[in-house]
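A.B. asks: Per our numbering, the sequence shown starts with residue -13, numbered consecutively.
Let me begin by handing over the structure; questions about it come next.
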Amino acid sequence: MMSRREMICIVCPQGCRLTVIEDNTSKENYEVIGNKCPRGKVYGIEEMTNPTRMLPTTVAIGKAFIKRLPVRTEYPIPKAMIADCMTIINRVAVEAPVKMGDIIIQNILNTGVNIIATRDMDKILEL
Ligand code: SF4
């Protein structure tokens, strides 16, 4: 059976409406309609074959003025791995000071992708 999916391209703010149709006669096995640029075609095919997402979240932090440090994946990771990544991220606790871009978890679940801090967090003065 031919599969066909409608989706919104999230690569840029234009948000093109894509239709991705399975097409065994084309080189990539899929035809993409509605994309205003080539990146939309790549996105549409990836969504059908190996959908990925950036994962913005937080980890526990000690010795800082707030209790959670914002972090994210350095690159998109397979959507199917997000729940397992969150299990690991939820077990991690770091200590201030942290600088934006610091690696908080290296190569999470062997994806080749690091979890990095998305802001600086100073150490609070201990009295
Ligand atoms: S298809 Fe191209 S122009 Fe349209 S939303 Fe995707 S990246 Fe932007």
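Don't be surprised by glycine CBs; every beta carbon is placed ideally from N, CA and C.
Keep in mind it's a predicted model, so treat the numbers as computed, not measured.
Please work out which residues of its chain come closer than 8 angstroms, Cβ to Cβ, to Lys65, disregarding the five sequence neighbours upstream and downstream, and give them in chain order.
C.D. replies: What you label residue 65 is simply residue 79 of the sequence shown in a count that begins at 1. Only Pro37, Thr38, Arg39 meet the Cβ criterion.
A.B. asks: Report the three-state DSSP secondary structure of Glu32 (helix, strand or coil).
C.D. replies: Walking along the sequence shown from the start, residue 32 turns up at place 46. Looking at Glu32 - three-state DSSP - the assignment turns out to be helix.
A.B. asks: Cα-Cα, which of Thr59, Asp70, Arg77, Thr73 is closest to Val99?
C.D. replies: Numbered from 1 along the sequence shown, position 113 holds the residue referred to as residue 99. Among Thr59, Asp70, Arg77, Thr73, the Cα nearest to that of Val99 belongs to Thr59.
A.B. asks: Let's see if you can read the secondary structure: which residues bound the beta strand (DSSP E) around Ile7?
C.D. replies: Indexing the sequence shown from 1 puts residue 7 at position 21. Per DSSP, Ile7 belongs to the beta strand (DSSP E) from 3 to 8.
A.B. asks: Measuring straight from C-alpha to C-alpha, what distance separates Lys49 and Ala103?
C.D. replies: Residue mapping note: residue 49 aligns to position 63 of the sequence shown, counting from 1. Residue mapping note: residue 103 aligns to position 117 of the sequence shown, counting from 1. Their Cα atoms are separated by approximately 16 angstroms.
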